[in-house]
Amino acid sequence: MKSFNSIRGLGRADLDSLIAASMRYREVRRHDRVLDARTVALLFFERSTRTRLSFQLAAEKLGANVLNLDPSRSSTGKGESLRDTLMTVAAIGADVLVVRHVESGVPELAGEWTGLSVINAGDGAREHPTQALVDIVTLRSHFGDLSGLRVGIVGDIRHSRVAGSLIHGLPVMGVDLVLIGPHEFLPSHDGGIAMTTDLDGVIEDLDVVYLLRVQRERGAEVDEKYSQQYGFDSTRTAALHENAVIMHPGPLNRGVEISDEVADGPRSLILDQVANGVPVRMAVLAALESALA
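Numbering (our numbering), first residue to last: 1 to 293.
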């Protein structure tokens, strides 16, 4: 694998291989330093906590040197073009670029411009493939076989890059997916996936409630009715069947899409998702090793 820019097009065997590697990295404390003497550059042109930190630790555990670009202190603040910045990082000696950017398609451009291996850490509202893989690993760890599992993604799906990857990845694993939210937050094309505006009408059938925040930075807006219709609190949690769980990719908008008692409650897998971030990103980085020049 040269780069990891999208989960689209990956088959069941591809995902199973990455899942198995993630599980191994999660269970084993000592790791082969497969990226020893390699350099991984973290190029986050958007803010990040979970993704950036997990990529940094993942690369370090595999023996890589890590370069962290702070756009606010880089030459981009002096007017340097994105292409020149990426070419500079490549010339310094980076082997892998981990790119997050507000514009869709930038990770692919980074690979075209530099010829390096690239991992998409989130591009615009398009995809966030490593987060989707984190979520699949979290579900596999909790439920085992995912075939027939009913997952409801709730909230601002149209603007969510996490949803953009989950919509492609979960069905490959045999998941029965339903998208839930107000009309303006649902995709314009369903791709054969069920959609509804009625959360309470489907809640009893869900095994997993996957909540998304409202992406205000991408123009999404809600009023006070949103939390009443789509926010998850103790009342809605009580309507779930006894083995159903709650997930959220973060950051959480507490009091909007999720209440404190749900986020911190016994059904929540949110911290499991965070914990799985490092081993999953180790698996993706290791999968690129054979393609490094």
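Beta carbons: idealized from backbone N, C-alpha and C, even for Gly.
Quick check on residue i: does DSSP put it in helix, strand or coil?
i, result
"Arg-281", "helix"
"Thr-39", "strand"
"His-101", "strand"
"Arg-140", "helix"
"Ile-7", "coil"
"Val-175", "coil"
"Asp-123", "strand"
"Ala-244", "coil"
"His-151", "Before going on, a small fix: residue 151 reads as Val here, not His. Residue state, collapsed to three classes: strand."
"Met-195", "strand"
"Arg-12", "helix"
"Leu-211", "strand"
"Val-34", "coil"
"Val-118", "strand"
"Ser-17", "helix"
"Arg-236", "helix"
"Ser-188", "coil"
"Ile-258", "strand"
"Ser-160", "coil"
Kindly give me the distance between the Cβ atoms of residue i and residue j, rounded to whole angstroms, as I take these residues to be in contact under 8 Å.
i, j, result
"Leu-35", "Ala-59", "7 Å"
"Leu-285", "Ile-136", "17 Å between Cβ atoms; not a contact."
"Val-99", "Val-106", "6 Å"
"Arg-83", "Trp-113", "5 Å"
"Val-209", "Leu-57", "Actually they do not touch by this definition, with Cβ atoms about 29 Å apart."
"Leu-62", "Arg-33", "6 Å"
"Ser-268", "Ser-234", "In fact, because the Cβ distance is near 12 Å, the residues do not count as touching under 8 Å."
"His-101", "Phe-45", "5 Å"
"Leu-18", "Ala-244", "Not quite, the Cβ-Cβ distance comes to about 26 Å (not below 8 Å), so this is no contact."
"Leu-199", "Asp-176", "The pair is not a contact, with the Cβ atoms about 16 Å apart (cut-off 8 Å)."
Determine, using beta carbons only, whether residue i and residue j come nearer to each other than 8 Å.
i, j, result
"Ile-203", "Leu-179", "no"
"Ser-104", "Ala-121", "no"
"Ala-94", "Thr-49", "no"
"Ile-92", "Phe-4", "no"
"Thr-237", "Gly-201", "no"
"Glu-127", "Gly-152", "no"
"Leu-97", "Ala-37", "no"
"Gln-215", "His-168", "no"
"Pro-251", "Arg-213", "yes"
"Asn-253", "Val-134", "no"
"Glu-257", "Gly-231", "yes"
"Ile-270", "His-241", "no"
"Pro-182", "Thr-197", "yes"
Does the Cβ of residue i have 16 or more other Cβ atoms within 10 Å, making it buried, or fewer, making it exposed?
i, result
"Ser-131", "Correcting the residue type first, residue 131 is Gln in the shown sequence and not Ser. With 16 or more other Cβ atoms within 10 Å, it is buried."
"Leu-43", "buried"
"Gly-174", "exposed"
"Asp-70", "exposed"
"Gln-273", "buried"
"Leu-211", "buried"
"Gly-144", "exposed"
"Asp-207", "buried"
"Leu-292", "exposed"
"Thr-138", "buried"
"Glu-117", "Looking at the sequence shown, residue 117 is not Glu but Ser. Classification of Ser-117: buried, given that the 10 Å Cβ count is 16 or more."
"Ala-13", "exposed"
"Ala-194", "exposed"
"Arg-140", "buried"
"Ala-110", "buried"
Report the residue ranges of all alpha helix (DSSP H) runs contained in full by the segment 45-110; include only those spanning at least 4 residues, in chain order.
You should have 50-61, 82-92.
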